[in-house]
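S.K.: Protein chains in written order, with my numbering: chain A, 19 to 164; chain B, 19 to 164; chain C, 19 to 164; chain D, 19 to 164. Here a beta-carbon is modelled for each residue, glycine too, at the ideal position from N, C-alpha and C.
4 protein chains.
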Amino acid sequence: METVAEADALARRVAEHLLSREGTGPAWGIEIEEVREGYARIAMVVRPDMLNGHAIAHGGMIFALADTAFAYACNSRNVSTVAQAASIVFLAQAKAGERLLAEAREQALSGRSGVYAVSVTASHGRKIAEFQGLSRSLAQPVLEPP
Amino acid sequence: METVAEADALARRVAEHLLSREGTGPAWGIEIEEVREGYARIAMVVRPDMLNGHAIAHGGMIFALADTAFAYACNSRNVSTVAQAASIVFLAQAKAGERLLAEAREQALSGRSGVYAVSVTASHGRKIAEFQGLSRSLAQPVLEPP
Amino acid sequence: METVAEADALARRVAEHLLSREGTGPAWGIEIEEVREGYARIAMVVRPDMLNGHAIAHGGMIFALADTAFAYACNSRNVSTVAQAASIVFLAQAKAGERLLAEAREQALSGRSGVYAVSVTASHGRKIAEFQGLSRSLAQPVLEPP
Amino acid sequence: METVAEADALARRVAEHLLSREGTGPAWGIEIEEVREGYARIAMVVRPDMLNGHAIAHGGMIFALADTAFAYACNSRNVSTVAQAASIVFLAQAKAGERLLAEAREQALSGRSGVYAVSVTASHGRKIAEFQGLSRSLAQPVLEPP
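1) Taking C-alpha atoms, which residue in A/Q102, A/E121, A/G71, A/H72 lies nearest to A/A87?
2) Note the first and the last residue of the continuous beta strand (DSSP E) segment covering C/L118.
3) List, in order along the chain, the chain D residues whose C-beta lies closer than 9 Å to that of C/D26?
4) Kindly list the residues whose CB is nearer than 8 Å to the CB of A/N93, restricted to its own chain and excluding five residues on each side of it in sequence; keep chain order.
5) Considering Cα atoms alone, identify which of D/A84, D/A135, D/S38, D/A140 is closest to C/L69.
6) My guess is that B/L119 and B/A61 are in contact by the Cβ rule of under 8 Å, so how many angstroms apart are they, rounded?
7) Drop a sphere of 10 angstroms on the beta-carbon of C/S141, count the other beta-carbons inside from all chains shown, and report buried for 16 or more, exposed for fewer.
8) Ordered along the chain, which non-local residues of its own chain (more than five positions away) have a Cβ less than 7 Å from that of D/A114?
9) Give a yes or no on whether 7 Å exceeds the smallest Cβ distance from A/L119 to chain C.
10) Let me know if B/G71 comes out buried or exposed under the rule of 16 or more other beta-carbons within 10 Å of its beta-carbon.
11) If you run the structure through DSSP and keep just helix, strand and coil, what is C/S105?
12) Give me the Cα-Cα distance between B/A126 and D/Q102, rounded to the nearest whole angstrom.
13) Please state if the CB of B/A112 and the CB of B/I146 are separated by a distance shorter than 7 Å.
14) If we count the other Cβ atoms within 10 Å of its Cβ and call it buried at 16 or more, is C/A58 buried or exposed?
15) First and last residue of the beta strand (DSSP E) that includes A/S155?
16) Would a C-beta distance cut-off of 7 Å place A/A89 and A/F149 closer than the cut-off?
17) Under 7 Å between the Cβ atoms of A/E55 and A/A25?
18) Should C/E40 be flagged as near chain D, meaning a C-beta pair shorter than 7 Å?
19) What does the Cβ neighbour count give for D/T21, buried or exposed, with the cut at 16 atoms within 10 Å?
20) Cβ of C/S153 less than 7 Å from any chain D Cβ?
21) For the alpha helix (DSSP H) that contains A/M79, what are its first and last residues?
22) Using a C-beta cutoff of 7 Å, does C/Q158 count as contacting chain B?
23) Starting from A/G132, follow its DSSP beta bridges and name the residues at the other end.
24) Assuming B/S131 and B/R154 make a contact with CB atoms under 8 Å, what is their CB distance in whole Å?
25) Which residue wins for smallest C-alpha separation from A/L109, given the options A/H76, A/Y134, A/T42?
26) Under a three-way DSSP split, which group does A/G58 fall into?
27) Below 8 Å on the Cβ atoms is my guess for C/I80 versus C/V138; work out the distance and round it to an integer in Å.
28) Would C/L109 count as contacting chain B if we go by Cβ distances under 7 Å?
29) Quick one: is D/A23 buried, meaning 16 or more other Cβ sit within 10 Å of its Cβ, or exposed?
30) Listed in chain order, which residues of the stretch 94-105 of chain B have Cβ atoms closer than 9 Å to some Cβ of chain D?
31) Let me know the secondary structure DSSP gives B/V100 once reduced to three states.
32) In whole angstroms, what is the alpha-carbon distance linking C/E116 and C/T42?
33) So with Cβ pairs under 7 Å, would you call A/K113 a contact of chain D?
34) Give every residue of the same chain whose Cβ lies closer than 6 Å to the Cβ of A/W46, excluding the five residues on either side of it in the sequence, and list them in chain order.
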């Protein structure tokens with residue numbers, strides 16, 4: 019029987035595996051801070067090529083960061099899982115050079131569906147966006163057993 | 019009094035102005051196909067640095083494309099307008115090399131709020147995602163009068 | 019092979035069948051105006067028992083009306099289909115005595131998933147809300163063949 | 019300066035005031051279980067007139083319950099606040115006679131905007147739906163000072 023520590027270590031390995039295969043990981047400078055079963059916290063620094071015409075972080079990049087944290091959290095049990103739908107509320111602006119955190123928490127699991135809330139914050143906890151994602155699991159592992 | 023043709027020409031100039039100032043425009047390879055009052059259609063080719071760990075277009079990039087079309091449509095009357103919230107449904111996968119279209123249509127305007135539907139499609143009209151955005155206008159123009 | 023007229027007639031019969039079995043149909047005073055394949059338009063009059071503490075139509079009732087139109091549209095091909103997720107934007111208030119229309123249009127079908135946009139309007143086309151729903155079809159008919 | 023206990027007592031009075039003026043409160047049988055600053059938990063028993071054509075609770079009623087908890091939580095500081103947008107994921111069915119709980123928690127406040135997550139559960143914590151709401155505050159109190 020799997021312990022909590024083993025489950026959390028597996029969750030971390032799955033996230034690192036996913037990141038290592040993502041073209042977007044290096045393109046966006048994604049850093050994994052912490053991943054546990056049903057949970058992920060990642061970071062990204064806003065660069066000039068992530069800004070919109072108002073010189074603030076493009077909503078698409080804020081969503082992309084939240085969506086990445088969502089992916090790591092919903093794949094954390096090593097069951098391949100995809101995003102089916104998501105919604106986001108934009109609360110405040112972020113500027114170039116700011117380091118954004120996205121923290122994904124599992125709200126519900128029911129059959130093959132899961133719901134995750136992701137908060138995106140800047141320094142001092144300033145809220146940038148709130149995201150909610152609906153996932154659907156597939157009948158296959160992310161990482162093959164060793 | 020402004021004619022339809024003038025309104026549409028202004029909408030196009032606003033979108034081109036926004037694109038010219040976006041860091042994300044060249045970073046994502048955004049092309050404007052058509053912009054009219056309350057409407058925008060843009061394109062983006064999926065590149066390897068836009069793929070997730072399953073080698074398909076990252077949901078964040080699909081959202082980013084839709085969000086960009088939404089921005090051009092909701093700023094089309096030359097009133098500076100920001101995204102307040104959005105939701106997206108992912109319907110099918112897109113691969114590297116595919117050219118994606120995002121077509122934004124105005125569904126409703128009420129006071130300072132607007133609602134836009136954006137369809138993201140690949141070749142032959144294959145549906146990739148459906149997006150809905152809520153905008154809020156600010157009391158200032160995008161382009162200053164000449 | 020089914021004609022358009024036959025498809026539309028089937029859509030209407032399915033909606034009438036669903037309405038006849040809904041506890042909410044008579045409770046809410048739902049009227050079917052038009053149902054075709056992938057489309058439904060229904061009406062509801064706002065009553066005092068549908069008002070919130072500000073004496074305007076409760077958001078829950080506006081959603082309920084939109085969700086009902088969505089159900090008739092997504093079941094219109096006589097394949098039993100359920101709502102999986104939805105989002106709504108509230109644009110204007112509605113008062114007691116107002117007759118609200120909800121018009122549902124199919125935006126996309128892909129495999130077992132469907133996306134529908136529903137506009138809720140009051141008289142003279144005043145926009146009350148915009149709704150987007152994600153449906154999932156089940157492998158069974160609503161109406162058994164005669 | 020207001021204590022936590024005073025803030026929570028005010029939140030409760032505001033919710034009871036709202037409920038007392040809602041036509042929907044008695045129509046839906048809403049019961050307030052607990053209200054604190056930024057938090058509300060309410061209950062509703064599913065009745066036959068709340069069922070859809072599949073003899074399960076209509077999605078509109080599940081949304082309506084969640085939306086009511088959202089309203090009590092976002093008005094809890096005695097600043098009149100309205101729903102601007104919401105999204106919901108439906109996870110499991112509920113039958114007639116089931117008592118549903120809706121628990122609303124504040125996720126973020128930023129200027130006049132607020133984001134709230136609402137979980138709807140049946141007995142033994144079975145998840146029925148997850149809701150996320152965006153609120154906008156108005157510059158007036160719900161309850162006039164005594």
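M.R.: With the given structure in hand:
1) A/E121
2) 117-128
3) None at all; the shortest Cβ gap to chain D is about 20 Å.
4) V32, A33, L36, T99, V160
5) D/S38
6) 5 Å
7) exposed
8) V64, R65, P66, L69
9) no
10) Its Cβ being crowded by 16 or more others within 10 Å, B/G71 is buried.
11) strand
12) 14 Å
13) yes
14) buried
15) 145-155
16) no
17) Yes.
18) yes
19) exposed
20) no
21) 77-92
22) no
23) A/L127, A/S153
24) 6 Å
25) A/H76
26) Inspection of the sequence shows that residue 58 of chain A is occupied by Ala rather than by Gly. Strand.
27) Right, their Cβ atoms sit about 6 Å apart.
28) yes
29) exposed
30) Result list: Q102, A103, S105.
31) strand
32) 19 Å
33) no
34) M62
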